[in-house]
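The sequence shown begins at 232 in my numbering and counts up by one. As structure tokens, the structure follows; a few thoughts come after it.
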Amino acid sequence: MSPKRFTQVDVFSAEPFRGNPVAVVHGADDFSDADMAALARWTNLSETCFLLEPRDPRADYRVRFFSSLREMPFAGHPTLGTCHAWLSAGGVRRGATVTQECAIGLVPVRVGDDKLAFEAPPLVQTGAVDEALIERILTAFGLRRNEVHHAEWVDNGAGWLVLMLNDDARLLALTPDLASLHGLPIGLIAPSQGDAAYEVRAFVGGDAMPEDPATGSLNAGIARWLIDTGMAPSSFTIAQGTAISRKCRIHVQALDGQIWIGGACVTRVDGVLHT
Numbered sequence: 232m233s234p235k236r237f238t239q240v241d242v243f244s245a246e247p248f249r250g251n252p253v254a255v256v257h258g259a260d261d262f263s264d265a266d267m268a269a270l271a272r273w274t275n276l277s278e279t280c281f282l283l284e285p286r287d288p289r290a291d292y293r294v295r296f297f298s299s300l301r302e303m304p305f306a307g308h309p310t311l312g313t314c315h316a317w318l319s320a321g322g323v324r325r326g327a328t329v330t331q332e333c334a335i336g337l338v339p340v341r342v343g344d345d346k347l348a349f350e351a352p353p354l355v356q357t358g359a360v361d362e363a364l365i366e367r368i369l370t371a372f373g374l375r376r377n378e379v380h381h382a383e384w385v386d387n388g389a390g391w392l393v394l395m396l397n398d399d400a401r402l403l404a405l406t407p408d409l410a411s412l413h414g415l416p417i418g419l420i421a422p423s424q425g426d427a428a429y430e431v432r433a434f435v436g437g438d439a440m441p442e443d444p445a446t447g448s449l450n451a452g453i454a455r456w457l458i459d460t461g462m463a464p465s466s467f468t469i470a471q472g473t474a475i476s477r478k479c480r481i482h483v484q485a486l487d488g489q490i491w492i493g494g495a496c497v498t499r500v501d502g503v504l505h506t
């Protein structure tokens with residue numbers, strides 16, 4: 232394999248090293264599945280993205296998303312980071328939005344002056360979470376049942392469910408023991424007393440992954456749930472990463488029947504990957 236352009240992008244924060252980093256490998260069409268998985272384990276980031284030539288003629292590019300554990304059909308902050316890297320490398324969109332091709336299909340990305348935003352994909356699983364599963368999560372997080380006001384599936388392909396609390400201080404103080412939850416993606420949300428409407432935290436059950444600083448797929452699912460049920464206005468901001476010394480801000484906007492999830496993207500590393 233020839234050397235590849237390699238970009239590392241800070242997503243959802245304009246402040247240096249306060250967002251969620253993602254790695255992007257350009258021109259990765261000659262990488263095998265095993266190559267992609269090995270590199271994702273090596274970067275040790277939550278996701279590593281591989282830019283490819285599109286198969287769908289409507290797409291500007293194709294991307295595959297790998298965590299250190301598996302390939303994912305869709306991921307939110309990597310979508311924005313990949314789009315930013317593609318544009319920074321000279322990519323020219325053919326339409327009003329950039330059109331990304333990935334395993335869930337085509338995902339439009341809006342390009343603004345200071346941020347990018349992807350269209351929240353539809354939910355593939357909705358509805359209340361089973362009480363037995365809620366009890367397992369409560370035990371792992373040290374929560375009482377009366378502290379959780381809603382428990383909802385907000386799965387758009389990444390498997391998320393979310394618990395809503397009413398106290399952001401309580402949310403930020405949680406120190407869960409996730410070993411018993413076996414890879415279950417869990418989001419927690421509470422109304423914020425700060426500069427955002429809500430505070431969010433995101434975890435994956437088990438010991439393999441720490442708390443996520445900013446999670447586009449989770450917040451896309453949360454946004455669809457809150458807006459569709461009338462629990463939130465058509466435009467609001469979510470804070471994430473506070474408990475781990477990050478300062479991520481996810482901007483939500485419902486416009487003309489679509490929900491957009493956006494934030495700042497800044498290149499922090501731009502170089503060459505030697506294979």
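Backbone N, C-alpha and C define an ideal beta-carbon position, used for all residues, glycine too.
Contact between the stretch 240–247 and the stretch 479–498 is present: three or more C-beta pairs spanning the two stretches fall below 8 Å. For N251, the enclosing beta strand (DSSP E) has its first and last residue at 251–256. A382 places its beta carbon 8 Å or farther from that of A348.
Look at P309 here: in three-state DSSP terms it is helix. Judged by DSSP in its simplified three-state form, I335 adopts coil rather than helix or strand. Secondary structure of T357 (DSSP, three-state): coil. In the structure shown, R367 falls within a helical segment according to DSSP collapsed to helix, strand and coil.
Cβ neighbours of S298 within its own chain (closer than 7 Å, five residues either side excluded): A271, S277, E278. Per the DSSP secondary-structure output, A470 pairs in a beta bridge with E430, R480.
Taking C-beta atoms as the reference points, Q239 and R455 fail to come closer than 8 Å. When rounded, the separation of the alpha-carbon atoms in P252 and G388 is 21 Å. Per the coordinates, the alpha-carbon of R325 lies some 29 Å from the alpha-carbon of F467. In this structure, T446 sits near A433, with a CB-CB distance shorter than 8 Å.
Taking the CA atoms as reference points, M462 sits about 43 Å from A265. Looking at the DSSP output, W384 shares a beta bridge with L392. Between R286 and L337, the C-beta gap is not smaller than 8 Å, which leaves the two residues out of contact.
Closest in C-alpha terms to D386, from the list A351, D408, L364, comes A351. By the neighbour-count criterion, in which a residue is buried when 16 or more other Cβ atoms sit within 10 angstroms of its Cβ, M395 is buried. Counting along the chain, G494 sits inside the beta strand (DSSP E) bounded by residues 489–494.
Where G418 is concerned, the enclosing beta strand (DSSP E) starts and stops at 416–422. Per DSSP, A348 is one residue of the beta strand (DSSP E) stretching across 347–350.
Boundaries of the alpha helix (DSSP H) harbouring L457: 447–459, taken from the DSSP string. Burial is judged here by how many other beta carbons sit within 10 angstroms of a residue's own beta carbon; T313 has at least 16 and is buried.
In this structure, DSSP gives M303 an extended state, which the three-state scheme calls strand.
According to DSSP, residue pairing for F296 in a beta bridge involves C280, M303. A Cβ-Cβ contact shorter than 8 Å links G436 with L415.
Pairing G418 with V379 gives a Cβ-Cβ distance that is not under 8 Å. Looking only at T506, L504, W391, Q489, the smallest Cα-Cα distance to R341 is reached by Q489.
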